[in-house]
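Read in order, the letters of the sequence shown correspond to residues 169 to 681 in this note's numbering.
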Amino acid sequence: MKINSVSSEEIRLLSQPIRGGQLDMNSSVQSAFDWKLLAPLVVAIIVALIPTPEGVAPHAWYFFAIFLGCVVGLIFEPLPGAVIGLIGVTLVALLSRWVLFSPEQLATEGFNAANQAFSWAVSGFTNSTVWLIFGAFMFALGYEKTGLGRRISLWLVKAMGKRTLTLGYAVMIADAVLAPFTPSNTARSGGTIYPVIRNLPPLYDSQPNDPSMKRMGSFLMWTAITSTCVTSSLFLTALAPNLLAIALTESATGIHINWGQWFIAVAPAGILLLLLVPLLCYWLCAPEVKAGEEVSNWARDELNKLGALTRNEILLVIMVVTALLLWIFAGDVVSASLVGLVVICCMLLTGIVSWNDILDNRAAWNTFVWFATLVALAGGLSQVGFVNWFGGMVGEQISHFNPVMAMVALTVIFYLLHYLFASVTAHVTALLPVMLAAASGIAGLDMQMFILLLLPTLGFMGIITPYGTGPSPVYYGSGYLPSALYWRLGAIFGLLFLVAWLAIGLPWLLLIN
């Protein structure tokens with residue numbers, strides 16, 4: 169069975185109800201599309217027409233209006249995110265004399281607004297974190313092309329599938345093994361883990377959209393989506409928005425967080441949660457079948473079909489282990505982004521992937537353009553002075569807060585507001601600059617500690633809704649997690665994750681900083 173990566177856009181399209189076979193479009197659908205397409209433009213114009221607040225330069229306010237319009241576009245998605253980002257930076261560059269540069273800059277002798285505007289527009293494409301995201305997508309492509317990801321999943325199911333609880337641990341371990349090198353949790357969980365585990369419940373007569381789902385299917389599907397939310401927080405490179413958030417943070421504050429710093433900060437809470445997730449699922453989404461031989465035997469038969477480890481699989485194992493060691497221990501010697509490029513070159517030289525494979529990886533190129541443009545737009549907010557103004561204003565309102573309590577309050581707000589977003593990327597783009605600006609206005613607040621407290625919640629928060637993160641619609645649509653069950657478990661696990669992160673993660677950060 170060939171397993172392909174699944175993009176969030178493909179999931180969104182597949183999850184939409186199939187309409188009639190005719191080519192004529194329903195008028196209500198057309199009007200809804202037009203409304204979504206016009207909404208970003210309307211919002212940008214309305215904000216631009218509002219009198220400029222005191223303390224903000226007019227060009228900074230106009231830039232904010234365009235930025236806010238882009239955020240609205242990312243939320244409603246009338247066009248792909250990459251297109252919205254590209255339109256946003258192009259519009260700013262075209263209007264740079266009024267929205268990007270101050271009168272003082274324009275009056276500077278020798279200042280070429282046209283060249284400077286273009287340099288700003290493409291600045292995101294030279295961002296090292298954006299290239300790290302691209303490199304990690306190529307790692308995922310290697311897993312797919314060699315079949316190593318599926319083999320790892322089957323190995324674990326064969327070894328641990330005789331008891332339902334240990335089968336849950338097998339699913340969790342498979343996700344954890346793939347996570348450091350797969351920045352798309354949609355590709356990792358929805359595209360690699362799910363196609364394996366969806367075959368398991370029917371072996372025990374646990375059918376979708378049927379009372380028998382409780383026999384095993386509900387437990388297995390919930391364990392899978394919960395595990396991927398934890399691994400998405402545990403590893404910097406396990407979720408693309410993590411990397412986007414790091415790039416935006418560095419652009420806004422000058423603080424850079426590397427792979428090792430992220431892992432050390434999250435490890436105590438993240439590893440504990442990862443170990444507890446299958447057991448918690450076993451208690452709170454209890455399977456009726458506790459043990460059996462069928463799953464293990466099925467996995468054994470599938471492995472027999474795959475045969476022995478191939479040359480390409482062995483080479484890929486060597487490459488990913490080397491990359492992981494370099495990310496952890498050699499950050500001062502070689503850039504994490506350069507490590508990704510080195511592995512891409514090695515995969516090309518050894519034939520693990522071909523150049524056509526890389527060119528055909530639409531998800532990787534789409535994400536590359538998308539995040540590069542968002543990095544430029546978010547960086548522009550700081551460049552024009554809007555972030556400093558907003559941070560000072562918000563800081564005045566909460567300046568009486570204890571710095572630690574302020575960090576906790578902002579983190580909780582950031583986490584719970586994810587109920588309003590169907591995209592972690594849109595969540596990051598819309599809210600992260602606001603949270604960073606608010607924190608920067610609080611006297612005595614350790615900004616690096618706040619960043620390490622705030623950003624790892626991006627993975628955890630994906631569990632709270634059926635649309636919270638990329639693979640959520642896959643599991644929600646599996647037929648084993650009906651709506652009421654998904655929302656109930658999402659609220660329970662979302663609260664557990666938040667409480668555990670604050671109770672364990674915050675004291676740990678206070679200790680190591």
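A virtual CB, placed ideally from N, CA and C, is assigned to each residue, including glycine.
Quiz item: By how many angstroms is the C-alpha of residue 595 removed from the C-alpha of residue 689?
Solution: Because the chain is modelled from 169 through 681, residue 689 falls outside the range shown and cannot be assessed.
Quiz item: Quick one, are the C-beta atoms of residue 285 and residue 309 less than 8 Å apart?
Solution: no
Practice problem: Within 10 angstroms of the Cβ of residue 351, are there 16 or more other Cβ atoms? Answer buried if so, exposed if not. | Solution: By the neighbour-count criterion, in which 16 or more other beta carbons inside 10 Å mark a residue as buried, residue 351 falls on the buried side.
Self-check item: Span separating the alpha-carbon of residue 297 from that of residue 457
Solution: Taking the straight line joining both Cα atoms gives about 45 Å.
Quiz item: According to DSSP, what are the bridge partners of residue 459?
Solution: 331
Practice problem: Go to residue 375, then tell me how far its alpha helix (DSSP H) extends in each direction, as first and last residue. | Solution: That residue, residue 375, is in no alpha helix (DSSP H); it is neither H nor E in DSSP.
Self-check item: Residue of 376, 510, 394 minimising C-alpha distance to residue 492
Solution: Closest option to residue 492, Cα to Cα, is 510.
Self-check item: Short Cβ contact (8 Å threshold) for residue 258 with residue 318
Solution: no
Practice problem: Would you mind stating whether residue 592 and residue 633 have Cβ atoms separated by less than 8 Å? | Solution: The answer is no: Cβ separation not under 8 Å.
Quiz item: If we count Cβ pairs, one from each stretch, closer than 8 Å, do we get three or more for the segment 474 to 487 versus the segment 431 to 443?
Solution: No, they do not touch.
Practice problem: Alpha carbon to alpha carbon, how far is residue 208 from residue 195? Give it in angstroms, no decimals. | Solution: For residue 195, the predicted structure reports a pLDDT of 46, less than 50, and the residue's modelled location is therefore unreliable. The matter cannot be settled from this model.
Exercise. Indicate the three-state DSSP secondary structure (helix, strand or coil) for residue 648 in the structure shown.
Key: coil
Quiz item: If you draw a straight line from the alpha carbon of residue 260 to that of residue 345, how long is it in whole angstroms?
Solution: 42 Å
Exercise. Indicate whether residue 542 and residue 253 have their beta-carbon atoms separated by less than 8 Å.
Key: The answer is yes: Cβ separation under 8 Å.
Quiz item: Are the beta-carbon atoms belonging to residue 663 and residue 621 less than 8 Å from one another?
Solution: Not a contact, by the Cβ cut-off of 8 Å.
Quiz prompt | Distance, residue 380 Cα to residue 401 Cα | solution = 33 Å
Quiz prompt | Counted within 10 angstroms of its Cβ, other Cβ atoms place residue 495 as buried (16 or more) or exposed | solution = Residue 495 comes out buried.
Quiz prompt | Secondary structure of residue 368, DSSP reduced to three states | solution = coil
Quiz prompt | Member of 341, 540, 579 whose CA lies at the smallest distance from the CA of residue 301 | solution = 540
Exercise. For residue 397, name the three-state secondary structure that DSSP assigns.
Key: helix
Quiz item: Which first and last residues belong to the alpha helix (DSSP H) in which residue 586 is found?
Solution: Looking at the DSSP string, residue 586 is not in any alpha helix (DSSP H), and its letter there is neither H nor E.
Quiz item: Secondary structure at residue 405, three-state DSSP: helix, strand or coil?
Solution: helix
Quiz prompt | Best match in 354, 293, 488 for proximity to residue 630 [C-alpha to C-alpha] | solution = 354
Practice problem: Report yes or no: do the segment 598 to 612 and the segment 418 to 427 share at least 3 C-beta pairs separated by less than 8 Å? | Solution: yes
Exercise. Measure the C-alpha to C-alpha separation of residue 339 and residue 439 and round it to an integer number of angstroms.
Key: 15 Å
Practice problem: Between the Cα of residue 385 and those of 409, 332, 505, 349, spot the shortest distance and give me the residue it belongs to. | Solution: 332
Quiz prompt | Euclidean distance between Cα positions of residue 211 and residue 238 | solution = Per the coordinates, the alpha-carbon of residue 211 lies some 9 Å from the alpha-carbon of residue 238.
Practice problem: Could you pull out every residue in the same chain whose Cβ sits closer than 6 Å to the Cβ of residue 241, ignoring the five residues on either side in sequence? | Solution: 208, 252
Quiz item: Counting along the chain, where does the alpha helix (DSSP H) carrying residue 360 start and finish?
Solution: Element bounds for residue 360: n/a, residue is neither H nor E.
Quiz item: Looking at the unbroken alpha helix (DSSP H) that takes in residue 246, where does it start and where does it end?
Solution: Residue 246 -> no alpha helix (DSSP H), and no H or E assigned at all.
Exercise. Could you check what DSSP says for residue 299 in three-state terms: helix, strand or coil?
Key: helix
Exercise. Quick one: give me the first and last residue of the alpha helix (DSSP H) that residue 430 is part of.
Key: 427 to 452
Self-check item: Spatial distance of residue 580 from residue 669 (CA atoms)
Solution: If you take the alpha carbons of residue 580 and residue 669, they lie about 11 Å apart.
Practice problem: Evaluate residue 612 with the Cβ neighbour count: other Cβ atoms within 10 Å of its Cβ, from every protein chain shown; 16 or more gives buried, anything less gives exposed. | Solution: exposed
Quiz item: Going along the chain, which residues of its own chain have a beta-carbon closer than 7 Å to the beta-carbon of residue 371, five neighbours each way excluded?
Solution: 462, 463, 466
Practice problem: Ignore the nearest five residues each way along the sequence and tell me which others in residue 626's own chain have a CB closer than 8 Å to its CB. | Solution: 400, 401, 407, 409, 410, 413, 592, 595, 596
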